[in-house]
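Q:
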Amino acid sequence: MDRIILHIDMDAFFISVEQRDDPGLRGKAAAVCGSLSRGVVTSANYEARPYGIRAGMPIQEAKRRCPQLILVEGDHSKYTEAASRIFAILKDYTPLVEIASIDEAYLDITRSQLLFKSPLHIARSIKDRIREKEKLTCSIGIGPNKLLAKLGSRLKKPDGLVMIEKERVEEILKDLPVSDLFGIGPKLTEGLNSMGIFTCGQLGRCPVSLLNRRFGVIGKRLQEMGLGLDDSPVVPFDEEEEARSISHSVTLEEDSSDSNLLRKVLLQLSERVSRRMRRDSFYGRRVTLTIRYSDFYTFTKQKTLSQWINSGNEIFHHATEIFESILHPKPIRLLGVGMSLLKKDWCQLDLFEKRDKKDKLLKAMDRVNERFGDWTLTWASLL
Amino acid sequence: MNFDIDKKEFLKGLGLIQSLAGRKTTLPILSHLLIQCANGLLYLTATDLETGMCEKLNADVHEEGKASVSAKKIYEIVRELQEETIHVQKRENQWITLRCGRSIFNVAGLDPDEFPSLPTYQEERFSKVSILLLREMIEKTVFAASNEESRYHLNGVFFVKNRKGEKESLRMVATDGHRLSLIDREGGMVGGIEKGVIIPKKGLLELRKAISEKTGEAEIELYFDQTHGFFRIGGSLMVIRLIDGEFPEYEQVIPKENDKRVVMEKEKIYGSLRRVSTMASERVEGVKLSLKTGGLEISAYHQDFGDAKEEVEVVYDGPPLDIGFNARYLIEALNAIGTEEVIMELKDEGSPGLIRPAALTEASDQCCIIMPMRI
Numbered sequence: 068m069d070r071i072i073l074h075i076d077m078d079a080f081f082i083s084v085e086q087r088d089d090p091g092l093r094g095k096a097a098a099v100c101g102s103l104s105r106g107v108v109t110s111a112n113y114e115a116r117p118y119g120i121r122a123g124m125p126i127q128e129a130k131r132r133c134p135q136l137i138l139v140e141g142d143h144s145k146y147t148e149a150a151s152r153i154f155a156i157l158k159d160y161t162p163l164v165e166i167a168s169i170d171e172a173y174l175d176i177t178r179s180q181l182l183f184k185s186p187l188h189i190a191r192s193i194k195d196r197i198r199e200k201e202k203l204t205c206s207i208g209i210g211p212n213k214l215l216a217k218l219g220s221r222l223k224k225p226d227g228l229v230m231i232e233k234e235r236v237e238e239i240l241k242d243l244p245v246s247d248l249f250g251i252g253p254k255l256t257e258g259l260n261s262m263g264i265f266t267c268g269q270l271g272r273c274p275v276s277l278l279n280r281r282f283g284v285i286g287k288r289l290q291e292m293g294l295g296l297d298d299s300p301v302v303p304f305d306e307e308e309e310a311r312s313i314s315h316s317v318t319l320e321e322d323s324s325d326s327n328l329l330r331k332v333l334l335q336l337s338e339r340v341s342r343r344m345r346r347d348s349f350y351g352r353r354v355t356l357t358i359r360y361s362d363f364y365t366f367t368k369q370k371t372l373s374q375w376i377n378s379g380n381e382i383f384h385h386a387t388e389i390f391e392s393i394l395h396p397k398p399i400r401l402l403g404v405g406m407s408l409l410k411k412d413w414c415q416l417d418l419f420e421k422r423d424k425k426d427k428l429l430k431a432m433d434r435v436n437e438r439f440g441d442w443t444l445t446w447a448s449l450l
Numbered sequence: 002m003n004f005d006i007d008k009k010e011f012l013k014g015l016g017l018i019q020s021l022a023g024r025k026t027t028l029p030i031l032s033h034l035l036i037q038c039a040n041g042l043l044y045l046t047a048t049d050l051e052t053g054m055c056e057k058l059n060a061d062v063h064e065e066g067k068a069s070v071s072a073k074k075i076y077e078i079v080r081e082l083q084e085e086t087i088h089v090q091k092r093e094n095q096w097i098t099l100r101c102g103r104s105i106f107n108v109a110g111l112d113p114d115e116f117p118s119l120p121t122y123q124e125e126r127f128s129k130v131s132i133l134l135l136r137e138m139i140e141k142t143v144f145a146a147s148n149e150e151s152r153y154h155l156n157g158v159f160f161v162k163n164r165k166g167e168k169e170s171l172r173m174v175a176t177d178g179h180r181l182s183l184i185d186r187e188g189g190m191v192g193g194i195e196k197g198v199i200i201p202k203k204g205l206l207e208l209r210k211a212i213s214e215k216t217g218e219a220e221i222e223l224y225f226d227q228t229h230g231f232f233r234i235g236g237s238l239m240v241i242r243l244i245d246g247e248f249p250e251y252e253q254v255i256p257k258e259n260d261k262r263v264v265m266e267k268e269k270i271y272g273s274l275r276r277v278s279t280m281a282s283e284r285v286e287g288v289k290l291s292l293k294t295g296g297l298e299i300s301a302y303h304q305d306f307g308d309a310k311e312e313v314e315v316v317y318d319g320p321p322l323d324i325g326f327n328a329r330y331l332i333e334a335l336n337a338i339g340t341e342e343v344i345m346e347l348k349d350e351g352s353p354g355l356i357r358p359a360a361l362t363e364a365s366d367q368c369c370i371i372m373p374m375r376i
């Protein structure tokens, strides 16, 4: 059975949330930034984009290009709240929802059609509900796989809806610049261009051996991308390899190379992984670090230990060791820490830790968040 | 510097202190000994900056002075020498020459003025304690101290003055966060421990070693200041840098409401634990104790190899209880208890268990506390 994948991408998410809440921003060029004094634009509205203002641009530069630009300091908790309500809507259509970042998600709706008529019908219903509930717009792409669904959502922004049927793939990709494909950043584009490859059509026709010689092992993957092929599954967030591994990841508020900040994030992630392991009496022997760079290049590196561990300290120690063994070429967008090779074992209780109290606290937090939505209750250190 | 020394005397001194040298490679001089001749006596000093030791030896001093040479090398040389008397003389550029019978060794050295000096002690503050007492207290607590570097303040034994009613005693406590061992003993007072000091495990083990080699002595002199502990026994002085940290509120975790009392014979339970724990998982070494009236069953399960269980006779008349423990913690606690009969007091499967000798005197108290494992 052919798969039907839907990619939903919120339009200028952060600034749209701000515009929704502050009518004064509507119809004017506006952007959300990390901090007003310094930092970069994290989200620019469509009125600002004709000036060339894009996410990642330093705010001085943005002000120079568009002096009337209104800057709003971002309130991340507001965006995560809105996002978790939106993701809840998506889960009404299929349990197979993969949350790719705070403002985008993939849905595998192959088997949802019996319940909800056609894919287009589902997409329209989602758009209507998000508009009605959150007063926000999104763009949706529908395709036979994640690559094409993502491409579809980018083709007609904002508020777009594009379906790429199998039969039209070749026609659409023929003259599409390679840089329009998700996963092909400026560096790869440059390399491909230097080989005379400018369009996806050309990329699909290029022999794998040539691509391999230039780019190494990813050659085959590149050719498949040129042909619009992608068999990666939609992995629902909460059962991401459950029991076989325990992991947490976070997309940073802005891409960063600040090692102090990144270490702090690693510590938080390690603590969260450790907490889940301890709760279920798991010990693990493999630590995995996932890094996604600003150009979306993503990779993982693992370390297998001779000892079984589950404390946050130890996980953090090994995650940092992996992190420091890598030369990071670009600012980092996402960090993930995971433990695998798990086994259930008895759990040594601590003499000085008031575990009862802590356990009760965590359970109460979980119950509140289940009922009133994620992030209703969280740690002060994460605010 | 110029002296004659008996080989046995020299070797005894070197053997005591050479293991301290060369532990840290950050400073080359730390792998060296300081050899000093003063007041007609010979002094050997070694330090790793945390523990320092100075050994006083009898020698025939012809000329005073000092030198610094590799501890390992001079120990190797002296150990192999055959004749009774060794003649040592300092030459130019920090070299020293050892002559013994027909052998001549020229050994390169470092400037002795670079050798870090040990903290100075105040003669009048020393007080005396029985060596047997101190050694017993160390041995019955030090095993429970943590080796985890991240728990720095638990890497030692807490030594404090304890008062029970009118009586004063010496108390040592050590814990790694999972189990705790405490001992109170009457016998003299020690200066500087009113608020308690944390003596590092490494230094204490070094001290225990020195004590066990000083067989002729019955008493040790000691006192503590803000930063160091000073120990003097026979002709040696040992200085240990204290751990600068807060020892946890250990008194709060000593259980007082453990109403389930099990009386058992140490040898029996010890043997059972050793046998059954061969089938415990390597990482946590967990065994399950299942108590019912008149009996105790110890069992273990290994997910790859199988399982084991054994019945042990005990005196118990409370309700049934299943509780998990790290077998190694139980074995080490039993090891630390001197009496044949041992009492274990429990509350429930999530609260700490207490093990103590069956026979106790008022002020000479001892107990081990072990936190259970969640099965």
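The listed protein sequences derive, respectively, from chains A and B.
To convert a position in the first sequence, counted from 1, into my numbering, add 67.
To convert a position in the second sequence, counted from 1, into my numbering, add 1.
The beta carbon of each residue, even a glycine, is placed where N, CA and C say it ideally should be.
This one's a predicted model, so the numbers in the text were calculated from it and none came from an experiment.
Beta carbon of residue 301 of chain A, beta carbon of residue 165 of chain A: below 7 Å?
A: In contact: residue 301 of chain A and residue 165 of chain A (Cβ atoms closer than 7 Å).
Q: Going by the beta-carbon positions, is the gap between residue 18 of chain B and residue 56 of chain B smaller than 7 Å?
A: Against a cut-off of 7 Å, the Cβ pair of residue 56 of chain B and residue 18 of chain B comes out as a contact.
Q: Taking the alpha-carbon positions, what's the residue 103 of chain B to residue 90 of chain B distance?
A: Using only the alpha carbons, I get a separation of about 16 Å.
Q: Check whether the Cβ atoms of residue 259 of chain A and residue 293 of chain A sit closer than 7 Å, and answer yes or no.
A: Taking 7 Å as the Cβ cut-off, residue 259 of chain A and residue 293 of chain A do not qualify as a contacting pair.
Q: Determine, using beta carbons only, whether residue 377 of chain A comes closer than 7 Å to chain B.
A: No, residue 377 of chain A does not count as interfacial toward chain B.
Q: Would you call residue 172 of chain B buried or exposed, if buried means 16 or more other Cβ atoms sit within 10 Å of its Cβ?
A: The residue in question, residue 172 of chain B, is buried, as its Cβ has 16 or more Cβ neighbours within 10 Å.
Q: Short check: CB of residue 183 of chain B to CB of residue 267 of chain B, under 7 Å?
A: Contact: no.
Q: Could you name the residues of the same chain whose beta carbon sits closer than 8 Å to that of residue 304 of chain B, not counting the 5 residues immediately before and after it, in chain order?
A: Around residue 304 of chain B: 282.
Q: If you check the beta carbons only, do residue 96 of chain A and residue 136 of chain A fall under 7 Å apart?
A: Yes, Cβ-Cβ distance for residue 96 of chain A and residue 136 of chain A is below 7 Å.
Q: Are the Cβ atoms of residue 209 of chain A and residue 73 of chain A separated by less than 7 Å?
A: Contact: yes.
Q: Sorted by chain position, which residues of the same chain lie with C-beta nearer than 8 Å to residue 318 of chain B's C-beta, five sequence neighbours on each side aside?
A: Around residue 318 of chain B: 294 and 295.
Q: Under three-state DSSP, which class holds residue 211 of chain A?
A: Residue state, collapsed to three classes: coil.
Q: Taking C-beta pairs closer than 8 Å, name the residues in chain A that residue 372 of chain B reaches, listed in chain order.
A: Ordered by position in chain A, the residues that pass the 8 Å Cβ test against residue 372 of chain B are 415, 416, 417 and 418.
Q: Nearest to residue 325 of chain B by alpha carbon, out of B:215, B:376 and B:9?
A: Answer by Cα proximity: B:376.
Q: Which residues share a DSSP beta bridge with residue 64 of chain B?
A: Per DSSP, B:3.
Q: Three-state secondary structure (DSSP) at residue 416 of chain A?
A: Here residue 416 of chain A sits in coil by DSSP.
Q: Compute the Euclidean distance between the alpha carbons of residue 178 of chain A and residue 158 of chain A, then round it to the nearest angstrom.
A: Distance between the alpha carbons of residue 178 of chain A and residue 158 of chain A is about 13 Å.
Q: Just confirm the distance between the C-beta atoms of residue 315 of chain B and residue 297 of chain B, as a whole number of angstroms; I'd bet it's less than 8 Å.
A: Right, the Cβ-Cβ distance comes to about 5 Å (below 8 Å), so this counts as a contact.
Q: By the 10 Å Cβ neighbour count, where 16 or more other Cβ atoms means buried, how is residue 385 of chain A classified, buried or exposed?
A: Counting Cβ neighbours within 10 Å, residue 385 of chain A comes out buried, since at least 16 surround it.
Q: Within 10 angstroms of its Cβ, does residue 181 of chain A collect 16 or more other Cβ (buried), or is it exposed?
A: Flag for residue 181 of chain A reads exposed.
Q: Along the segment 179 to 198 of chain B, where does the CB come closer than 9 Å to a CB of chain A? Name the residues.
A: Residues 179, 180 and 181.
Q: Should residue 412 of chain A be flagged as near chain B, meaning a C-beta pair shorter than 7 Å?
A: For residue 412 of chain A, the answer is yes, since a Cβ of chain B falls inside 7 Å of its Cβ.
Q: Chain B beta carbons: is any one of them nearer than 7 Å to that of residue 380 of chain A?
A: So, interface residue.
Q: Are the CB atoms of residue 151 of chain B and residue 380 of chain A nearer to each other than 7 Å?
A: It is a contact, given that the beta carbons lie within the stated cut-off.
Q: How should residue 225 of chain B be labelled, buried or exposed, when 16 other C-beta atoms within 10 angstroms of its C-beta is the threshold for buried?
A: The residue in question, residue 225 of chain B, is buried, as its Cβ has 16 or more Cβ neighbours within 10 Å.
Q: Would you please verify whether the beta carbon of residue 151 of chain B is less than 7 Å from any beta carbon of chain A?
A: Chain A contact via Cβ: present.
Q: Cα-Cα, which of A:250, A:173 and A:375 is closest to residue 212 of chain A?
A: Considering only alpha carbons, the answer is A:173.
Q: Residues of chain B with a CB under 7 Å from the CB of residue 206 of chain A: which are they?
A: Under the 7 Å cutoff, chain B gives no residues; its nearest Cβ is about 49 Å from residue 206 of chain A.
Q: Are any of the Cβ atoms in chain A nearer than 7 Å to that of residue 161 of chain B?
A: So no, residue 161 of chain B is outside the interface.
Q: For residue 410 of chain A, count neighbouring C-beta atoms within 10 Å of its own C-beta (all shown protein chains included) and say buried if the count is 16 or more, exposed if not.
A: By the neighbour-count rule (16 or more Cβ atoms within 10 Å), residue 410 of chain A is not buried but exposed.
Q: Check the C-beta distance from residue 154 of chain B over to residue 248 of chain B and give it rounded, since I have them as a contact under 8 Å.
A: Residue 154 of chain B to residue 248 of chain B, Cβ: 6 Å. Contact.
Q: The segment 341 to 356 of chain A: which residues have C-beta closer than 8 Å to a C-beta of chain B, in chain order?
A: Those would be 348 and 350, in chain order.
Q: Considering only DSSP beta bridges, list what residue 34 of chain B is partnered with.
A: BP columns for residue 34 of chain B point to B:70.
Q: Below 8 Å on the Cβ atoms is my contact criterion, and I expect residue 79 of chain B with residue 33 of chain B to pass it. Report the Cβ-Cβ distance as a whole number of Å.
A: Not really, about 15 Å apart at Cβ, beyond 8 Å.
Q: Where residue 250 of chain B and residue 335 of chain A are concerned, what is the direct C-alpha to C-alpha distance, given to the nearest angstrom?
A: One C-alpha to the other measures close to 28 Å.
Q: Just to confirm the assignment: which complete beta strand (DSSP E) runs, minimum length 3, are found wholly within the segment 198 to 249 of chain B?
A: Segments of the beta strand (DSSP E) lying fully in the segment 198 to 249 of chain B: 198 to 201, 220 to 225, 229 to 234 and 237 to 242.
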